[in-house]
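Protein chains: 4
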Amino acid sequence: MTTGMEELAARMRDFAQAREWEQFHTPKNLAMALAGEVGELIGEFQWLTPAESSSLDEETFDRVRSELADVTAYLVRLADLLGVDLIEATKAKLEENERRYDANLYRGSARKAPH
Amino acid sequence: MTTGMEELAARMRDFAQAREWEQFHTPKNLAMALAGEVGELIGEFQWLTPAESSSLDEETFDRVRSELADVTAYLVRLADLLGVDLIEATKAKLEENERRYDANLYRGSARKAPH
Amino acid sequence: MTTGMEELAARMRDFAQAREWEQFHTPKNLAMALAGEVGELIGEFQWLTPAESSSLDEETFDRVRSELADVTAYLVRLADLLGVDLIEATKAKLEENERRYDANLYRGSARKAPH
Amino acid sequence: MTTGMEELAARMRDFAQAREWEQFHTPKNLAMALAGEVGELIGEFQWLTPAESSSLDEETFDRVRSELADVTAYLVRLADLLGVDLIEATKAKLEENERRYDANLYRGSARKAPH
């Protein structure tokens, strides 16, 4: 079975190959591209209150969805080049965090939340 | 069918609920958390040459995989709260880019590459 | 007259030279280091409300000041390598913004604020 | 004596006041704005080799200088609101790093360089 992630990775691979952009797609460069896109995403939220960020107007929502797509594309491409399975890596991390942040101990506390 | 992404989103939802951390998980805050994790990821690559970034030693690779997992977790959680399907949004963006960056026109050119 | 900025740049230059770290201090790498430090800075604010971010406890304040110093150090070093006078460049940008964002037109509006 | 930094801070203060943008200028929001600008800066360098980043063409240089100005503006404004003297904080940090990274011990080593 091909998951959505794998299909995205394959398409990004073809996209880069067809344009001979593989030479630019080193992990170092892709990490920068990812950071650049996250910068654009954060720009959408910077002047909004936390409450406003939960109920975006349609125009902002469309831009945010577009930025989330850019972030995902570079993240998937970077992981593909490094041979990292994002779903598996994230599952493993969540299991670690479930152990590390005991629900009873950390309930409702921002201070003790991970950062 | 539940894709890997949807399973991750559901687990993040449960994780936040069990700790009463939903109050902190506004899109604004999650965009910040995402940026923070991307900052840690980029820190792993900053002093490496592009070539070195393509052949990480085991220790660095493990840290990078761990950072990629953190990035994915916050990205999935943010998209879930906003009701954005990351796979669909990214597919749509790739189709747009395939049209926008004609393979024959943009071949091998860093200058004209998107940024 | 030596401004504070110029003194910082000179000390960063000596610091890098004494450790033979100039080889790592390309503008590309320094932009990444800057992004990494900004990621740490943003991590300090991510779970705080806007109001809480205006009245930090002493411990958080000390960490924020330390991150601001790291950001400043890499910013000054990057500008020094590129031959950019940060004070002059920022003054020019402020003048541009003062013209661009007419006070009467943009008063109190988040929507129209620059992003 | 007014240093360049203090003059910038005063102008940013007046700029925000004249537009009633002080309400948006919480430390949390300004940290986001700073991250957004650093994202734009990093976007200028992402597809360049480290060597290319050291000899920018005029057009790229102008954009980079403009982004450095935006980064400086938000950094100065954030520090002003928090009451942090950036020059003093950075000097203190450099002294700490001079002790921490002994020149003889860390000479020429990327691995041991701070990140």
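Residue numbers (my numbering), protein chains in the order written: chain V, 3 to 117; chain F, 3 to 117; chain H, 3 to 117; chain A, 3 to 117. Glycine is no exception: its CB is placed at the ideal position from the N, C-alpha and C atoms.
Verify the CB distance criterion: does residue i have a CB-CB separation below 8 Å to chain A?
i, result
"E22/H", "yes"
"T28/F", "no"
"A75/V", "no"
"R15/H", "no"
"A11/H", "no"
"R67/H", "yes"
"I89/V", "no"
"V40/V", "yes"
Work out the CA separation of residue j and residue i for me, nearest whole Å.
i, j, result
"A94/F", "K93/H", "41 Å"
"H117/V", "N106/F", "Low confidence applies here, because H117/V scores a pLDDT of 48, under 50, leaving its location unreliable and the question unanswered by this model."
"A81/A", "E54/H", "16 Å"
"E22/H", "D104/A", "12 Å"
"Q48/F", "N31/H", "5 Å"
"Y76/A", "L77/F", "26 Å"
"A12/V", "D64/F", "23 Å"
"Y108/F", "H27/F", "40 Å"
"L84/H", "T5/F", "47 Å"
"L10/A", "E100/V", "46 Å"
"T62/F", "A33/V", "14 Å"
"E98/A", "A20/H", "15 Å"
"V40/V", "V66/V", "10 Å"
"G110/A", "G45/F", "18 Å"
"S68/A", "P52/A", "20 Å"
"D59/A", "V86/H", "14 Å"
"S56/A", "M14/V", "29 Å"
"A91/V", "G38/A", "27 Å"
"R102/F", "R102/A", "50 Å"
"L96/V", "L96/A", "37 Å"
Enumerate in chain order the residues of its own chain whose CB-to-CB distance from residue i is below 8 Å, with the five nearest sequence positions on each side excluded.
i, result
"L70/F", "L43"
"L36/F", "V73, Y76, L77, L80"
"I89/F", "T5, M7"
For the alpha helix (DSSP H) containing residue i, name the first residue and the last one.
i, result
"R109/A", "Element bounds for R109/A: n/a, residue is neither H nor E."
"L58/V", "Counting along the chain, L58/V falls outside any alpha helix (DSSP H), and DSSP gives it neither H nor E."
"L36/A", "29 to 47"
"E22/V", "Unbroken run through E22/V: none, as it is neither H nor E."
"T51/F", "Looking at the DSSP string, T51/F is not in any alpha helix (DSSP H), and its letter there is neither H nor E."
"T92/A", "88 to 102"
Taking 8 Å as the threshold (beta carbon to beta carbon), is residue i in contact with chain H?
i, result
"T92/V", "no"
"G85/F", "no"
"T5/V", "no"
"I37/V", "Checking the displayed sequence, the identity of residue 37/V turns out to be Ala instead of Ile. By this cut-off, A37/V is an interface position."
"Q19/F", "no"
"G110/F", "no"
Can you confirm whether residue i, when its beta carbon is compared against all beta carbons of chain V, has any partner nearer than 8 Å?
i, result
"M34/A", "yes"
"N99/A", "no"
"D64/F", "no"
If I measure Cβ to Cβ from residue i and keep anything under 7 Å in the same chain, skipping five residues before and after, which residues do I get?
i, result
"P29/A", "L80, L83, L84"
"L50/V", "none"
Using 8 Å as the limit for Cβ to Cβ distance, is residue i near chain F?
i, result
"D104/A", "no"
"E61/H", "no"
"D72/V", "yes"
"R79/V", "no"
"F47/V", "yes"
"L107/H", "no"
Give every residue of the same chain whose Cβ lies closer than 6 Å to the Cβ of residue i, excluding the five residues on either side of it in the sequence, and list them in chain order.
i, result
"A18/H", "E24, H27"
"D16/V", "none"
Would you say residue i touches the ligand GDP, meaning its beta carbon is less than 7 Å from a heavy atom?
i, result
"A75/F", "The ligand GDP is not part of this structure, which contains no ligands at all."
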